[in-house]
Every structure is written in C-alpha cells, then in structure tokens.
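Asker: My questions all concern the structure below.
There are 2 protein chains.
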Amino acid sequence: MGRVKVQKMPTIRRLPTYLYRLNEMRKEGTSIVATPELARYMDIGEIVVRKDLSITGVTGQPGVGYKIDELIAAIREFLGWNVETKAVLVGAGSLGSALIGYDGFEEYGLSIIAAFDRDPAKAGTVMRGRPVIDMVELEGFVRNHKISMGILCVPAAVAQDICDIMVKSGIRSIWNFANVALKVPADVIVQREVIAGGLALLSVKRLRHFAETDDEEE
Amino acid sequence: MGRVKVQKMPTIRRLPTYLYRLNEMRKEGTSIVATPELARYMDIGEIVVRKDLSITGVTGQPGVGYKIDELIAAIREFLGWNVETKAVLVGAGSLGSALIGYDGFEEYGLSIIAAFDRDPAKAGTVMRGRPVIDMVELEGFVRNHKISMGILCVPAAVAQDICDIMVKSGIRSIWNFANVALKVPADVIVQREVIAGGLALLSVKRLRHFAETDDEEE
DNA sequence: TAGATTGTTAATCGATTAACAATC
DNA sequence: TAGATTGTTAATCGATTAACAATC
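Residue numbers (our numbering), protein chains in the order written: chain A, 2 to 219; chain W, 2 to 219.
Printed below as a string of structure tokens:
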C-alpha cells in the first residue's frame, strides 16, 4: 500500500514553517538567524530547533547563528523542493479553490498546472489563473504532461474512483484531502490529510486546560 | 502562550478517523467491530488500534470485538465532542467556505454559527446556510452568544489583529489556519494547522521511495 | 473444544531533553 | 577575554512493537 516508514516526522512537519519564516526574514534583509529567535517564533525549545536544523546538514557558527540563505537552500533540498513538481488538482470546490490559490506552493516547488471537475459547467472556466478541465480529460492530460502528483479534493464517495484514474494515468503520489483510506498499488504514495485530527488535538488541549484551571481554583 | 503539553498526540489525531469509520459502519447496520478490520482500514498495525482504543476506556469482548455504539460514545466523550461547542469563523474566503461547508463538524460537536469578513460586499450574504457578518460586529456577537472558539481563515498579515479581537471578546480556543505564530495570553489555546507540513511529509516519502526503487534496480 | 480476539506486561525503539565542551 | 551560540554525547522519557495469558 505504499507505506513508507518515515522517521523524524515531527521535525519534517515543522520544516515548512521554518522555511516560511526564513523567507520572511530574508525579505526583511536579515542574513543571519540564531536558534533562540526561531524557538520563540515556533514556540518550541531551542534544543528542538537545533536538532531540527541539523537534519538538513547545515552547520552554524557558534556564538553567531546560521546563514539564512544556506538554511533555506538546505531545507528545500532536503524536501526535494528545489526541483519543480507538476501536479493536477481534482475537485474544483471550495477546498480545491483554496489550495490552488495558495501561492506559497510555488515556493515549495509545487506547481498545480490544472484543476479537473466532473461538473461540465465548471469545465472551460479559469480558477485563480488555472484552467478547469472536464474530468474525462484527466487521464490524457496527466499522460501528456507527465504529471507525477495528484491532489484529491473530491467528496469521499467518489475519491477511490478518481484515485484509480490517477494511478492508471501514471500519478505516483497523491495528496488526499478526501475522508477515505485509498487503496493503491505498492509503488504509489498517499498522504492523507485529516483536518479533524487538528480539531481533536485542540479539543483535548481545552479539556486538559480547563481541568488544570479548575484545580488551581480549589 | 497557552502551551499545553499533550501526550499520545498520534493517537488523538487518529481518533476522528476511527469515529468517522465507526459512524459509517453503524449506518450500514453493523454493531460489532474487531481490530483487524479497523487496522486494515487505517493502514496501521492491529496493536496500534488496540492501544488507541484503550485510551477511551472501552473494553471489548475477547474473540469478538468492540460494540460500535460504545466506541462512538467513548471517543466523543474523550474528545469532549458530546457537548456542543459554538464557534465563529473569520475570513469568508475559499478556505473558510470549505470549512463552514464541512458537515462532518456537526458530528464532532462543533457548530459554526456565523462567518465574519472584512469585505462589506460579503456582509449580509449567506454562505452554506450560515450568515456572513461584517467584521465590526465580531466582538459584540461573540460576547452576546458566549462563543468560546474561533476559526481563523484570514490572510497571515491580518491574523494577529483578528486574533487579538477574538481574545478580547472572550474566545479561549483558536483554530488557526493562517500561516503565523499567534501571540496569545496564557489561558488561550491555539491549534495551528500547517497544511504544508503534510506536503513536506509526502515529499520526503517520495524521495525515500525513489531511493529504495533505485537500490532495487542496481 | 478450537479459533479468534482482547488487553496486559515486557522489550525495543526513537524522540526529547539535559549537560557541556568547542567555537566564534 | 567575556558572552553567546553551536553541536555532540549521554540521560530521560514516551511510543511502538512483541509476546502471551485470559476470555469469549
């Protein structure tokens, strides 16, 4: 099922946030950054930041910090974001629209070149600068443009069908925002996003927090 | 900064997915489920599933499985989702629209009762059945309706300002989809969603996977 | 009774944190 | 030289996995 074990998941998840902040700082004209500053920004410990950054192989200057340019380049290379990845997005609803309009992706080496939708009324339109194409064209388009990544934003009920078409067309990694566990061959990688997971975390934090507050009041 | 340490994060993140699947099964008329089936669905090990479920306190029947009704009730209670939480959403763009339209939230005890936007043209309209209100009304609305949760879907540049208004109005937990680290008082909890984190994970999996495939070809 | 599954206890593994020498 | 920060090594902690007795 394309299950690839990845270590240091928490670190990898944080890398885009470092990258985002480092890009901001570069725009502001800063060229050096030290861990205490990043730690404050990320709201995590300094040691965590240093361990995180060490995964990229960059070395900083003791007493000074890290070169921002080096860090940016190293993070992008570590994630493979220095090479452009072409992707198609399927499901031109509001979530699809939000994703296609997120311009940070360009910075992350992700280029969403077209959106697909089942609705004939949407086909032929332009969404945030990208063409919306009828679903029947998906397979041919992916083959012709040698697309390797698919972003799935369709309702759960049709997700597996669309997934099958993607796989058949040659797509090898799928970013899945539909609420289903997709079945794919072993050489296809799926990353499933479950936004409710974040809500669950927030809910538990609230409960713990209220419990603590109650304790203090006793 | 409202940092609450939460253990068993991976388990908590998975709970909504169990809940979703269990609800599906209940609708299909099933009343008992065993770990092997859930493990296949989640694409994780059986032992993981059992450990995950044990956090809720439910006990299954050896040789048989768990009662689906019991599991659903226990997960909802563990997450505090058996009690309705009223929330407002700020930023009626495409992401906001996607979130407000997600009907799964009702099942999760989350009731988004209104959306707010700076754009006067949007104020007075209805989005997916919820009123869109001008931002200036936010503080009064939150106070009047005793809203405790805010969902932040505004551009990064204005996120801190909106966050400040939320906090001032009495909101105590914020689900933050803006790409910034919010500064909040100690008694306010923030859950930040970084979708690019998932993309980073997918990217690394791809790199590892390709590396493995190359090895095999040698 | 046989087969299946639960749930506990122990063992392994990895991630986080602490301490500190090395460096600018 | 003094102050600050890096990066390594060791210690702690928690999560994952394995083994297996208990139960239906």
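Even glycine gets a Cβ: it sits at the ideal position worked out from N, Cα and C.
(1) Measure the Cβ-Cβ separation of serine 204/A and isoleucine 190/A and say whether it is below 7 Å.
(2) If glycine 151/A sits next to valine 91/A, beta carbons under 8 Å apart, how far is it from one beta carbon to the other, in whole angstroms?
(3) Kindly list the residues whose CB is nearer than 8 Å to the CB of aspartate 120/A, restricted to its own chain and excluding five residues on each side of it in sequence; keep chain order.
(4) Do the segment 64-79 of chain W and the segment 68-87 of chain A touch if we need at least three Cβ pairs shorter than 8 Å?
(5) Is glutamine 8/A helix, strand or coil when you go by DSSP?
(6) Is there contact between the segment 156-175 of chain A and the segment 137-147 of chain A, where contact requires at least three CB pairs shorter than 8 Å?
(7) Since glycine 171/A meets chain W, which of its residues come closer than 7 Å, beta carbon to beta carbon?
(8) I need the straight-line Cα distance from glutamate 194/W to valine 155/A, nearest angstrom please.
(9) Which first and last residues belong to the beta strand (DSSP E) in which serine 174/W is found?
(10) Under 8 Å: do the segment 156-164 of chain A and the segment 109-116 of chain A share three or more Cβ pairs, one atom per stretch?
(11) Let's see if you can read the secondary structure: which residues bound the beta strand (DSSP E) around proline 37/W?
(12) Examine chain W for any beta-carbon lying closer than 7 Å to the beta-carbon of methionine 2/A, and answer yes or no.
(13) For alanine 124/A, which residues in the same chain have their Cβ closer than 7 Å to its Cβ, ignoring the five residues on either side in sequence?
(14) Can you list, in chain order, the residues of its chain whose CB lies under 7 Å from that of proline 11/W, leaving out five sequence neighbours each side?
(15) Just to confirm my understanding: we take threonine 86/A, look at its own chain, exclude 5 residues before and 5 after, and list those with CB closer than 8 Å. What are they?
(16) Which residue comes first and which comes last in the beta strand (DSSP E) that contains glycine 171/W?
(17) With a cut-off of 7 Å, does the C-beta of glutamine 220/A fall near any C-beta of chain W?
(18) What do you get for alanine 197/W, buried or exposed, if any count of 16 or more other CB atoms within 10 angstroms of its CB means buried?
(19) Taking Cβ positions, are lysine 192/W and leucine 100/A nearer each other than 7 Å?
(20) By the criterion of Cβ-Cβ separation under 8 Å, what are the contact partners of glutamate 194/A in chain W?
Answerer: In brief:
(1) No, Cβ-Cβ distance for serine 204/A and isoleucine 190/A is not below 7 Å.
(2) About 6 Å; that satisfies the 8 Å criterion.
(3) In chain order, Ala93 place their CB closer than 8 Å to the CB of aspartate 120/A, counting only its own chain and leaving out the 5 sequence neighbours on each side.
(4) Here the segment 64-79 of chain W makes no contact with the segment 68-87 of chain A; the two share fewer than three CB pairs at distances below 8 Å.
(5) Looking at glutamine 8/A - three-state DSSP - the assignment turns out to be coil, as it is neither helix nor strand.
(6) Result yes; three or more Cβ-Cβ pairs closer than 8 Å.
(7) Within chain W, not a single residue places a beta-carbon under 7 Å from that of glycine 171/A; the smallest gap is close to 14 Å.
(8) Going by the C-alpha atoms only, they are around 20 Å apart.
(9) Unbroken beta strand (DSSP E) run through serine 174/W: 174-177.
(10) Remark: fewer than three beta-carbon pairs, one from each stretch, lie closer than 8 Å, so the segment 156-164 of chain A and the segment 109-116 of chain A are not flagged as touching.
(11) Proline 37/W -> not in any beta strand (DSSP E); alpha helix (DSSP H) instead, spanning 36-43.
(12) No answer about methionine 2/A holds up, because its pLDDT of 42 lies below 50 and its placement is not dependable.
(13) Spatial neighbours of alanine 124/A in its own chain (CB-CB distance under 7 Å, excluding positions within 5 residues in sequence) are listed in chain order as Asp118, Val133, Ile134, Asp135.
(14) Once the five neighbours on either side are set aside, proline 11/W has no close Cβ partner at all.
(15) Excluding residues within five positions, the ones whose Cβ falls inside 8 Å are Gly110, Leu111, Ser112, Ser149, Met150.
(16) If you look at glycine 171/W, you'll find it isn't in any beta strand (DSSP E); DSSP assigns it neither H nor E.
(17) Since the first residue shown for chain A is 2 and the last is 219, residue 220/A is missing from the structure and cannot be characterised.
(18) Counting Cβ neighbours within 10 Å, alanine 197/W comes out buried, since at least 16 surround it.
(19) One detail in the question is off: residue 192/W reads as glutamine in this sequence, not lysine. With respect to leucine 100/A, glutamine 192/W sits apart: the two C-beta atoms are not nearer than 7 Å.
(20) By Cβ distance, chain W contributes Ile196, Gly199.
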